[in-house]
Amino acid sequence: MTPIRLSLTEPDGPLDLQVRTSEEGLGFVLEDWSMRGAHGDAFSGDVYMPTEQTPWGVVVAMHGRRGHRKAPYLRGAAKRWSRDGLVVAAIDAPYHGDRTLDQIPDLARNEPFLVQTVGDLRRLCSAVESDSRLVAAPLGFLGFSMGALVGVPLM
2 MTPIRLSLTE
12 PDGPLDLQVR
22 TSEEGLGFVL
32 EDWSMRGAHG
42 DAFSGDVYMP
52 TEQTPWGVVV
62 AMHGRRGHRK
72 APYLRGAAKR
82 WSRDGLVVAA
92 IDAPYHGDRT
102 LDQIPDLARN
112 EPFLVQTVGD
122 LRRLCSAVES
132 DSRLVAAPLG
142 FLGFSMGALV
152 GVPLM
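Using my numbering, you'd call the opening residue of the sequence shown number 2 and step up by one each time.
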């Protein structure tokens with residue numbers, strides 16, 4: 002088995018970030034962030050913002066292979082953490098959620114998938130860092146299963 006060597010370049014170009022509130026809950030607001038991806042395609046992310054306190058940190062969270070950004074395990078954790086003061090930001094990886102194809106390819110050995118996902122996560126991090134509400138908040142990453150795999154080159 003030959004190892005995959007990722008050739009990552011920093012995504013460039015304008016983010017074209019658009020933010021709208023999509024849900025208000027107890028202690029959090031869910032915002033829908035739409036932006037331009039690493040390969041020029043548009044994608045959306047869910048950003049859970051605490052309402053009871055100033056955010057003290059940001060967690061970029063990535064779902065597992067058969068998941069998506071609205072998966073119950075991710076939404077439940079994001080709501081809980083945002084009520085505790087963390088901002089949680091999550092996107093769908095290519096071939097997942099709003100970006101689904103009929104069949105998910107073998108992602109563990111799919112270099113274009115890994116490169117695009119890491120690039121899109123970097124774009125999400127850039128969007129978070131450009132938000133004036135979050136300038137002083139430290140940034141971390143949490144990946145569930147496949148999400149951890151794509152998070153290693155991100156960090």
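Backbone N, C-alpha and C define an ideal beta-carbon position, used for all residues, glycine too.
{"Check": "Look at the alpha carbon of S83 and the alpha carbon of V89, and state the distance between them as a whole number of angstroms.", "Outcome": "7 Å"}
{"Check": "Just verifying my parser: in three-state terms, what is the DSSP assignment at D17?", "Outcome": "coil"}
{"Check": "Just to confirm before moving on: does the CB-CB distance between V151 and L140 stay below 8 Å?", "Outcome": "no"}
{"Check": "Distance check for D99 and A149, CA to CA, integer angstroms please.", "Outcome": "20 Å"}
{"Check": "What is the rounded straight-line gap between the Cα of A91 and the Cα of T101?", "Outcome": "16 Å"}
{"Check": "Within 10 angstroms of the Cβ of E134, are there 16 or more other Cβ atoms? Answer buried if so, exposed if not.", "Outcome": "Just to set this straight, residue 134 is Arg in the shown sequence, not Glu. Exposed, because fewer than 16 other Cβ atoms sit within 10 Å of the Cβ of R134."}
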